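In order, the protein sequence lines correspond to chains A and B.
The numbers in the numbering used here rise by one with no breaks, and the one at position 75 of the first sequence is 80.
The numbers in the numbering used here rise by one with no breaks, and the one at position 307 of the second sequence is 312.
The beta-carbon is built from N, C-alpha and C at its ideal position, and this holds for glycine as well.
Everything numeric in this text was worked out from a predicted model, so none of it was measured.
One structure is given here, and the rest of the page talks about it.
Protein chains: 2
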Amino acid sequence: MTSQPLAARVKTLDIFSAIADDLRQVESAIEEALATEDAMLDEVSTHLLHAGGKRIRPALVMMTSKFPGAQLGRAIPVAVAVEMIHMATLVHDDVVDKAEVRRGRPTVNAKWSNQVSVLTGDNLFAKGFSMLAQTGNTRVVKIMADVVYELSRGELAQLASYFQVNQTEADYYQRIAQKTGYLIAACCRLGGVVGGAEERQVEALYNYGMGVGLSFQIADDLLDFHGSAAKVGKPVAGDLKTGILTLPVIHALKHSQHADELRRMIETHNIGDTEIDRVKAILDEAGSFTYARQQADLHLNNALAELEHLPELATRSDLQVLADFVINRQF
Amino acid sequence: MTSQPLAARVKTLDIFSAIADDLRQVESAIEEALATEDAMLDEVSTHLLHAGGKRIRPALVMMTSKFPGAQLGRAIPVAVAVEMIHMATLVHDDVVDKAEVRRGRPTVNAKWSNQVSVLTGDNLFAKGFSMLAQTGNTRVVKIMADVVYELSRGELAQLASYFQVNQTEADYYQRIAQKTGYLIAACCRLGGVVGGAEERQVEALYNYGMGVGLSFQIADDLLDFHGSAAKVGKPVAGDLKTGILTLPVIHALKHSQHADELRRMIETHNIGDTEIDRVKAILDEAGSFTYARQQADLHLNNALAELEHLPELATRSDLQVLADFVINRQF
């Protein structure tokens with residue numbers, strides 16, 4: 006989601022303190038799952054482990070599994086498998102995006118090659134699904150297989166959407182649900198399933214995750230415009246320069262009195278820092294940033310409302326803090 | 006395995022005639038599974054469907070499922086999922102091998118891009134695993150996840166093995182088991198599982214598949230040296246030119262009196278048609294082709310011996326014909 010390491014976040018907000026012990030166990034289990042005699046796989050795995058990551062997804066699995074009587078041993082392998090599959094998608098995404106740096110380190114494709122990335126990603130997918138199969142619960146497998154299906158659809162849709170000025174808000178929401186929402190929602194659903202929650206609680210968790218995921222993605226898209234390059238670790242408005250139109254841009258293309266000018270700028274497929282300043286002025290004037298921020302709040306409030314249905318969940322207040330953190334982090 | 010279309014093979018040898026109806030149902034189900042509203046995925050799927058394929062793997066699932074009382078409806082979704090996952094590995098392999106043509110048509114990476122290939126492959130993996138999860142049987146999921154794990158290991162091992170003159174026969178066998186054997190063996194094991202076979206029959210099917218897979222791969226490696234370019238559809242000795250050392254080469258590096266000369270030629274990393282003629286003369290003189298052919302026969306005989314344990318399987322004689330075909334096809 007962002008490029009801050011887990012340690013930094015946890016230190017700042019203690020959002021995962023309730024499950025700190027669980028996360029240590031998850032981390033050891035990830036290391037164990039990545040262990041291999043194969044020289045090349047071992048090099049890549051070590052690189053990925055050292056690159057760290059926030060482990061937000063396994064943390065969500067653990068936090069949403071804390072129902073009365075839940076067994077830690079059931080949740081941990083699922084949390085590990087989810088992180089392996091997430092790692093696989095990141096390794097493949099870096100090939101798709103031709104990215105050279107992730108989490109401050111060279112990507113697998115930059116350090117080795119696209120070939121190694123494709124195969125390492127497949128290897129991580131396979132390991133993740135093998136672990137999920139070992140739970141003996143095909144529902145758990147299907148939840149994650151369907152997430153990977155939607156993720157790949159979302160990435161393909163994004164490739165086809167570059168610089169497309171006629172896309173709608175509905176297109177945007179479908180894409181961010183596929184890219185971010187379904188996986189976060191699935192982590193929460195999986196926590197409920199392995200934690201032995203009742204079906205309506207499992208669905209409340211899913212809805213909570215979807216609200217947090219959508220809210221997070223909109224916040225991340227805003228951060229792309231307003232974060233400083235040094236803080237965010239990416240060039241300002243990198244999305245728009247690449248051709249990815251996010252919610253504030255789509256809003257302004259419809260509502261700004263300068264929509265034609267904005268459209269023409271985007272259709273040049275060549276947006277530099279000078280153009281970005283003008284784009285930001287147009288979006289500001291049209292209230293597009295405010296609108297996007299309101300939408301992020303809306304989805305966050307939807308997420309928080311779902312927590313009402315989960316009085317038995319020991320970590321309910323932690324999920325509330327996590328949701329608030331997602332939207333209130335420094336822009 | 007080779008580039009002949011299914012229709013050509015079936016016409017020649019009727020090896021799949023016992024399950025021709027099943028295969029028509031499998032084909033419709035593959036089309037249905039690939040159906041999508043997404044424009045880009047639909048284009049790629051249509052391309053992959055038109056490229057055809059021999060459907061050997063789903064055919065093996067169907068042929069090995071014909072135990073008394075087996076339900077067609079249990080085997081077909083598994084056969085379809087296996088083919089989807091196989092397609093995914095082919096699409097990814099073409100990125101890894103930078104291949105431009107497969108089955109006489111441009112590869113997905115050549116026609117679209119590496120990006121589209123990575124994501125389409127992931128999409129096919131996900132669809133395949135989602136279908137396997139829908140069987141409600143996690144064993145079925147685990148069998149295929151473990152195959153994909155081994156396949157990716159084998160491909161990575163192959164990348165690391167290019168032009169490595171010190172590799173052993175054991176290295177070769179591990180690699181071809183990972184690249185070809187485990188998947189063929191898994192198809193046969195899956196047929197047994199969904200056909201309701203007893204455990205010792207399931208293992209006999211697995212061993213049959215492994216023997217056929219290894220035998221096939223050695224035969225294919227021989228074909229690379231001795232097939233005409235027009236017939237095989239690939240350049241002669243393409244493997245060696247690429248740096249892939251197959252069984253006859255590994256044999257000659259150990260047993261030929263010209264082993265030093267052979268080693269030096271390989272270590273130039275630059276083997277053209279002139280060198281290939283000399284390599285073939287060296288391998289011929291060292292009896293390396295004969296040795297490889299004997300090894301292929303050995304694994305085939307191992308496969309055939311396993312069929313003795315399967316008196317109840319209605320398609321047992323068809324599996325015998327199929328195995329004979331694998332090794333006796335035109336070189």
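**Q.** Spatial distance of B/Ala138 from A/Ala131 (CA atoms)
**A.** 14 angstroms
Q. Just curious, the alpha helix (DSSP H) that B/Val96 is in, first and last residue?
A. Leu77 to Val101
Q.
For B/Ala224 and B/Asn119, what's the separation of their Cα atoms in angstroms?
A. 31 angstroms
**Q.** Below-9 angstroms beta-carbon distance, B/Glu317 vs any chain A residue
**A.** no
Q: State yes or no: is the beta carbon of A/Met45 nearer than 9 angstroms to at least one beta carbon in chain B?
A: yes
Q: Output the distance between the C-alpha atoms of B/Leu164 and B/Leu95, rounded to the nearest integer angstrom.
A: 16 angstroms
(Q) Quick test of the definition: if touching needs 3 or more C-beta pairs under 8 angstroms, does the region 106-119 of chain A touch the region 86-94 of chain B? (A) no
Q) Looking at C-alpha atoms only, which residue of B/Leu210, B/Leu65, B/Cys193 and B/Leu46 is the closest neighbour of B/Ala25? A) B/Leu65
(Q) Please confirm whether B/Ser50 has its beta-carbon closer than 9 angstroms to some beta-carbon of chain A. (A) no
Q. Comparing the C-beta of B/Leu137 with each C-beta of chain A, is any distance below 9 angstroms?
A. yes
(Q) For the region 197-205 of chain A against the region 278-294 of chain A, do three or more pairs of beta-carbon atoms, one drawn from each stretch, fall closer than 8 angstroms, so that the two count as touching? (A) no
Q: Please name the residue or residues paired with B/Pro111 in a DSSP beta bridge.
A: B/Val106
Q) Would a check of beta-carbon distances place A/Ala80 closer than 9 angstroms to chain B? A) no
Q) What residue ranges within the region 152-227 of chain B form continuous alpha helix (DSSP H) runs of no fewer than 4 residues, ordered along the chain? A) 174-181 and 187-199
Q) When you check each C-beta in the region 245-269 of chain B against every C-beta of chain A, which residues fall closer than 8 angstroms? A) none
Q. Going straight from the alpha carbon of A/Ser135 to that of A/Gln206, what length do you get?
A. 27 angstroms
Q) Once you ignore the five residues that flank A/Val100 on each side, which residues in its own chain have a CB closer than 7 angstroms to its CB? A) Asn114, Asn119, Ser122 and Val123
(Q) If distances are taken between C-alpha atoms only, which option among B/Gly159, B/Gly214 and B/Gly57 comes closest to A/Ala44? (A) B/Gly159
Q: Leaving aside the five residues before and after B/Ala209 along the sequence, list all residues of the same chain whose C-beta is less than 7 angstroms from its C-beta, in chain order.
A: Glu311, His314 and Leu315
Q) With respect to the alpha helix (DSSP H) encompassing A/Asp26, which residues constitute its N-terminal and C-terminal limits? A) Ala25 to Leu39
Q. Does any C-beta atom of chain B lie closer than 9 angstroms to the C-beta of A/Thr185?
A. no
Q: Determine the contact status of A/Lys71 and A/Leu327, defining contact as a CB-CB distance below 9 angstroms.
A: no
Q) Does the region 213-233 of chain B come within contact of the region 262-278 of chain B, defined as at least 3 CB pairs closer than 8 angstroms? A) no
Q. Taking Cβ to Cβ, would you say A/Tyr211 is nearer than 9 angstroms to A/Ala242?
A. no
Q: Measure from the alpha carbon of B/Lys184 to the alpha carbon of each residue in B/Asn275, B/Ser157 and B/Gly214, then state which is nearest.
A: B/Ser157
Q) Taking Cβ-Cβ distances below 9 angstroms as the criterion, which residues of the region 141-158 of chain B are in contact with chain A? A) Gly141, Asn142, Thr143, Arg144, Val145, Val146, Lys147, Ile148, Met149, Ala150, Asp151, Val152, Val153, Tyr154, Glu155, Leu156, Ser157 and Arg158
Q) In chain order, what residues of the same chain lie with their CB nearer than 7 angstroms to the CB of A/Leu53, ignoring the 5 residues before and after it? A) Met92
Q.
Any beta carbon from chain B within less than 9 angstroms of A/Phe134's own beta carbon?
A. yes
Q) Going by C-alpha distance, which of A/Ala308, A/Tyr177, A/Asn306 and A/Gln300 is nearest A/Thr251? A) A/Tyr177
Q. Could you check where the alpha helix (DSSP H) with B/Val241 kicks off and where it finishes?
A. B/Val241 -> no alpha helix (DSSP H), and no H or E assigned at all.
Q.
Taking the straight line between their C-alpha atoms, what separation do you get for B/Ile148 and B/Leu188?
A. 9 angstroms
Q) Thinking C-alpha only, which one of A/Asn142, A/Asn128, A/Leu245 and A/His260 is nearest A/His97? A) A/Asn128
Q) So, does the CB of A/Val15 fall closer than 9 angstroms to a CB anywhere in chain B? A) Reliability of the predicted coordinates at A/Val15 is poor, the pLDDT of 37 falling under 50, and the value obtained from them is presented with this limitation in mind. It does not: the Cβ of A/Val15 has no partner Cβ on chain B nearer than 9 angstroms.
Q) Alpha carbon to alpha carbon, what distance is there between B/Ile61 and A/Arg60? A) 41 angstroms
(Q) Whole angstroms are fine: how far does the CA of A/Asp244 sit from the CA of A/Asp229? (A) 7 angstroms
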